[in-house]
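Engineer: If you're matching positions, the sequence shown starts at 19 in the working numbering and goes up one per residue. Even for Gly, the Cβ is constructed at its ideal location relative to N, Cα and C. Remember, predicted model here, so these are calculated numbers, not experimental data.
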Amino acid sequence: MKNKYLGLNKVFSVDIPIYDIDLVVMIGDDIPALKKQLEELVKEDLRYKLDELWNQHDISLQGYYTHNDPLKVIYMSDMEDYYEFISVLSHEILHAVFNMAQYIGLKYSDKSEEAYTYLVGYITREIYKQLDENIPST
């Protein structure tokens, strides 16, 4: 099935107020457009991390997670197949959740499992809500 988000080239953030973390999501292959949107979105005190993101990581990456500050980025390149997009995004959301938990000191256990799963659900809902809001009308 064709990916309905193909060519979107959008950057947005998912606020996670309970942990004071912003997850930045970048979708698309127009790197100059994504860079411009990202620079406008990221908090000024974390902009120095953008150079690290663009210079030290191949843009083929799907996720970028810093361990010592609250900047978390998921990058999704254009993917033709919608189901592959869903699969890769789900994978990256789980990586982001594990990284956020590590950042706040929440170790995975039977007792913390619900916190992880609620966060996965929340982030997934918020990402797809923003993606759907940004699909161009046909």
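Mark G25 as exposed unless 16 or more other C-beta atoms lie within 10 angstroms of its C-beta, in which case mark it buried.
Structural biologist: As a position in the sequence shown, residue 25 is number 7, starting the count at 1. Result: exposed.
Engineer: Could you check the C-alpha separation between Q148 and D128 for me, to the nearest Å?
Structural biologist: The residue you call residue 148 lines up with position 130 of the sequence shown. The residue you call residue 128 lines up with position 110 of the sequence shown. If you take the alpha carbons of Q148 and D128, they lie about 31 Å apart.
Engineer: Report back the beta-carbon spacing between I141 and L41 to the nearest angstrom; my notes put them in contact at under 8 Å.
Structural biologist: For this step, residue 141 is matched to residue 123 along the sequence shown. For this step, residue 41 is matched to residue 23 along the sequence shown. The Cβ separation is near 6 Å, so the contact holds.
Engineer: Determine the contact status of M94 and L107, defining contact as a CB-CB distance below 8 Å.
Structural biologist: Taking the first residue of the sequence shown as 1, we reach residue 94 at position 76. Taking the first residue of the sequence shown as 1, we reach residue 107 at position 89. Yes, the pair counts as a contact, with Cβ atoms nearer than the cut-off.
Engineer: Report yes or no: is there a C-beta of chain D within less than 8 Å of the C-beta of F30?
Structural biologist: No chain D appears in the structure shown, which is made up of a single protein chain.
Engineer: With which residues is D40 paired in a DSSP beta bridge?
Structural biologist: Indexing the sequence shown from 1 puts residue 40 at position 22. Answer is D33, L89.
Engineer: The alpha helix (DSSP H) that contains D107, what's its start and end?
Structural biologist: If you number the sequence shown from 1, residue 107 lands on position 89. Note that residue 107 is Leu in the sequence shown here, rather than Asp. Its alpha helix (DSSP H) spans residues 100 to 122.
Engineer: Considering Cα atoms alone, identify which of E110, I49, F30, P88 is closest to E58.
Structural biologist: As a position in the sequence shown, residue 58 is number 40, starting the count at 1. That would be F30, whose Cα lies nearest to the Cα of E58.
Engineer: Can you name, in chain order, every residue of its own chain whose Cβ lies under 7 Å from the Cβ of L52, other than the five neighbours on each side?
Structural biologist: Within the sequence shown, the letter at position 34 stands for residue 52. If we look at L52 and ignore the five residues flanking it on each side, its Cβ neighbours are N27, V29, M44, G46.
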